[in-house]
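Heads up: the sequence shown runs through residues 2 to 321, numbered per my numbering. Reviewing the structure listed below.
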Amino acid sequence: MKNQVLLDKLKVITPEEREILRGKKEIDKKIYMESASDVVDNKKLLDQNMLIQIRPHTRFVHFPKHKHNYIEVIYMYQGHTIHLINNEEIDLQEGEILFLSQNAVQEIYPAKLEDIAVNFIILPEFFDHTLQMIGEEENHLRDFLIGCLKNGDDSISYLHFKVTDILPIQNILENLIWTIMNDWQNNRSINQITMGLLFLQLMNHTDKLSVGKNQFEQELVIKLLRFVEENYKEGQLSDLAEELHCDLYWLSRMVKKITGKTYTELIQRKRLNQAVYLLTSTKLSVADISYAVGYNNVSYFHRIFYKQYKVTPREYRKCK
């Protein structure tokens, strides 16, 4: 059920849209970019010292091809919009989220009155503060996805999450829109924590994520990292091969090719990262932590921990 007060605010026809309804055939370019440029400029859309802002998508008109010098996130609050991202058509449906990296070339077909899309204008550094504030243990899948957005990775132009039916994500996005629209005290901290919570939820639903056609290796990385996050205690590469219906030897070679590490190295990195998190955030014994992250041999856990960090687990805990 939509929040009617919020919906009424987002549906308001803007001055730019009013001009379009009166017969203007194109966007008001000076709102978004310099006259000789096709890059939508964050300086035009963000107030000074702001890292994030929202604006409803301009309806009733074709938005020509453009890029952004920021990370754009589009949340389809109601209705749908059709986007061309690097010439690939995406029909963004109600409740879905589209993250665009800075290398994405975007074009948008005209939307109707009831098609309410919310554009988030986000500077890359916003995500640095967000990850620091949520204080969560390392998640390489999350870091990989955010890294693709922040660094303008040419291999991934967008992340399309089809999460219409995931109520917690819908609630978080509505809360995020509401707090950005209302200039409350501690607004920046609230927004960063809320964005962190959004990513934590999205990481539980990467099965609903698309990164584009002809992105086989990138999709395989996402499936691999998700499997490691969920199965690092006992998961075998053969289990993933069975899940993906592929040959084990081929998958082993692909893991090394696309990550630069073997599956065993990825699992060990995740286990040790989780051990560090437990050492610094709980009072569990070293032996219990060893068992908790998948090592039944405590002596072996001590050896590989020392090899990685040059201190024992107990010394690491005391230093932190």
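No residue lacks a Cβ here, since even glycine has one placed at the ideal position from N, Cα and C.
Just confirm the distance between the C-beta atoms of residue i and residue j, as a whole number of angstroms; I'd bet it's less than 8 Å.
i           : j           : result
residue 76  : residue 13  : With a Cβ gap of about 17 Å, residue 76 and residue 13 do not count as contacting.
residue 39  : residue 66  : 7 Å
residue 69  : residue 103 : 6 Å
residue 98  : residue 164 : 6 Å
residue 318 : residue 285 : In fact, because the Cβ distance is near 10 Å, the residues do not count as touching under 8 Å.
residue 21  : residue 64  : The Cβ separation is near 11 Å, so there is no contact.
residue 32  : residue 45  : 7 Å
residue 234 : residue 294 : 7 Å
For residue i, tell me which candidate among the options has the shortest Cα-Cα distance.
i           : options            : result
residue 170 : 147, 204, 157, 117 : 204
residue 17  : 6, 233, 61         : 61
residue 316 : 287, 299, 294      : 287
residue 296 : 88, 273, 4         : 273
residue 144 : 299, 201, 31, 284  : 201
residue 207 : 116, 225, 251      : 225
residue 10  : 190, 308, 181, 100 : 181
residue 166 : 209, 254, 275, 25  : 209
residue 307 : 6, 276, 241        : 276
residue 74  : 50, 147, 222       : 147
residue 199 : 100, 303, 50       : 100
residue 117 : 283, 89, 3, 271    : 3
residue 251 : 221, 301, 304      : 221
residue 283 : 253, 249, 321      : 321
DSSP on residue i, reduced to helix/strand/coil?
i           : result
residue 294 : coil
residue 81  : strand
residue 163 : coil
residue 101 : strand
residue 277 : helix
residue 303 : helix
residue 314 : helix
residue 6   : helix
residue 57  : strand
residue 124 : coil
residue 244 : helix
residue 220 : helix
residue 111 : coil
residue 225 : helix
residue 252 : helix
residue 72  : strand
residue 129 : helix
residue 206 : helix
residue 211 : strand
residue 63  : coil
residue 106 : coil
residue 287 : helix
residue 17  : helix
residue 237 : coil
residue 90  : strand
residue 32  : helix
residue 157 : coil
Do residue j and residue i have their beta-carbon atoms positioned less than 8 Å apart in this structure?
i           : j           : result
residue 131 : residue 196 : yes
residue 246 : residue 211 : no
residue 91  : residue 105 : no
residue 183 : residue 53  : no
residue 84  : residue 109 : yes
residue 43  : residue 71  : yes
residue 96  : residue 159 : no
residue 216 : residue 157 : yes
residue 128 : residue 151 : yes
residue 223 : residue 93  : no
From the beta carbon of residue i, is the nearest beta carbon of chain D less than 8 Å away?
i         : result
residue 8 : Of the protein chains in the structure, only one exists, and it is not chain D.
Evaluate the contact criterion for the segment 259 to 268 versus the segment 170 to 182: three or more CB pairs, one atom per stretch, below 8 Å. no
Does the segment 213 to 231 come close enough to the segment 122 to 129 to have 3 or more Cβ pairs within less than 8 Å? no
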